[in-house]
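Okay, so here's the structure we're looking at.
Number of protein chains: 2
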Amino acid sequence: MAKNLKLKAARAEKDMTQAQLAEAVGATRQTINAIEKGEYNPTIRLCRAICKALGKTLDELFWEDEG
Amino acid sequence: MAKNLKLKAARAEKDMTQAQLAEAVGATRQTINAIEKGEYNPTIRLCRAICKALGKTLDELFWEDEG
DNA sequence: ACAAAAAGTAAAATATAGTTGACATAACGT
DNA sequence: ACGTTATGTCAACTATATTTTACTTTTTGT
Numbered sequence: 005m006a007k008n009l010k011l012k013a014a015r016a017e018k019d020m021t022q023a024q025l026a027e028a029v030g031a032t033r034q035t036i037n038a039i040e041k042g043e044y045n046p047t048i049r050l051c052r053a054i055c056k057a058l059g060k061t062l063d064e065l066f067w068e069d070e071g
Numbered sequence: 005m006a007k008n009l010k011l012k013a014a015r016a017e018k019d020m021t022q023a024q025l026a027e028a029v030g031a032t033r034q035t036i037n038a039i040e041k042g043e044y045n046p047t048i049r050l051c052r053a054i055c056k057a058l059g060k061t062l063d064e065l066f067w068e069d070e071g
């Protein structure tokens with residue numbers, strides 16, 4: 005799996021820290037970090053929550069990035 | 005969570021059974037069944053595999069359906 | 001340079017996604 | 001009606017996503 009740079013960029017665009025995004029979506033900072041690092045395979049529910057928090061869609065953040 | 009009727013429809017459009025889709029994506033029939041039933045929260049990797057097998061995108065099958 | 005905040009990382013524990021095997025019901029063709 | 005295939009569902013198991021706690025390194029501001 006490759007890094008999820010789109011996520012990192014979208015977060016930067018909203019000027020949010022990993023910790024702030026984590027709180028916004030009800031996850032931990034480590035989980036957000038791991039997702040950005042591309043080290044894993046989050047659930048669709050968490051992906052959706054992240055998308056909504058950042059004003060993006062699934063296709064924009066989680067499609068064909070780490071495949 | 006509501007039923008994922010988009011998934012059911014996309015599968016029908018390809019004339020695939022739950023078992024065939026399951027095999028195509030390396031999952032079990034029960035897992036596909038549960039996802040269609042809306043009873044759970046699959047991983048993004050499985051969602052992507054399903055989308056690819058059915059020629060759809062994440063937004064088409066997994067966005068704002070059960071939210 | 002220094003302090004503070006943010007990001008990276010790791011081990012152990014917990015929650016839950018996904019499997020396996022089995023059986024029940026619904027849908028379909030003949 | 002009958003046999004067959006597809007779907008629905010359940011319990012027990014395994015794999016792994018996510019948490020918790022804690023520490024290190026990088027970045028940022030002053």
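For the record, the sequence lines run as chains A and B. Residues 5 to 71 (my numbering) are what the first sequence spells out, left to right. Residues 5 to 71 (my numbering) are what the second sequence spells out, left to right. We treat Cβ as the ideally placed atom computed from N, Cα and C, and that holds for glycine. These figures come from a predicted structure and were not determined experimentally.
Can you give me the Cβ contacts of A53 of chain A inside the same chain, cut-off strictly under 6 Å, excluding the 5 residues immediately before and after it?
Answer for A53 of chain A: V29, listed in chain order.
Count the other CB atoms within 10 Å of the CB of K60 of chain B; is the residue buried (16 or more) or exposed (fewer)?
K60 of chain B comes out buried.
Helix, strand or coil at T61 of chain A [DSSP, three-state]:
DSSP places T61 of chain A in coil when its eight states are reduced to three.
Own chain partners of G42 of chain A with C-beta closer than 6 Å, once the 5 adjacent residues on each side are dropped:
If you ignore the 5 residues before and after G42 of chain A, its C-beta comes within less than 6 Å of the C-beta of M5, A6, K7, N8, E70, all in its own chain and listed in chain order.
So that I know if they touch, is there some Cβ in chain B lying closer than 9 Å to that of D63 of chain A?
Between D63 of chain A and chain B, the shortest Cβ-Cβ separation is below 9 Å.
Does the beta carbon of N37 of chain A come closer than 9 Å to any beta carbon on chain B?
Taking Cβ atoms only, chain B never reaches closer than 9 Å to N37 of chain A, which makes this a no.
Consult DSSP for T47 of chain A and reduce its assignment to one of helix, strand or coil.
It is a strand residue.
Counting only beta-carbon atoms, is R52 of chain A nearer than 9 Å to chain B?
Yes, R52 of chain A counts as interfacial toward chain B.
Name the chain A residues that come within less than 7 Å of R49 of chain B, Cβ to Cβ?
Near R49 of chain B (Cβ distances below 7 Å), the residues of chain A are N45.
If we cut at 9 Å on Cβ distances, does L11 of chain A have a partner in chain B?
Cβ-Cβ to chain B under 9 Å: no for L11 of chain A.
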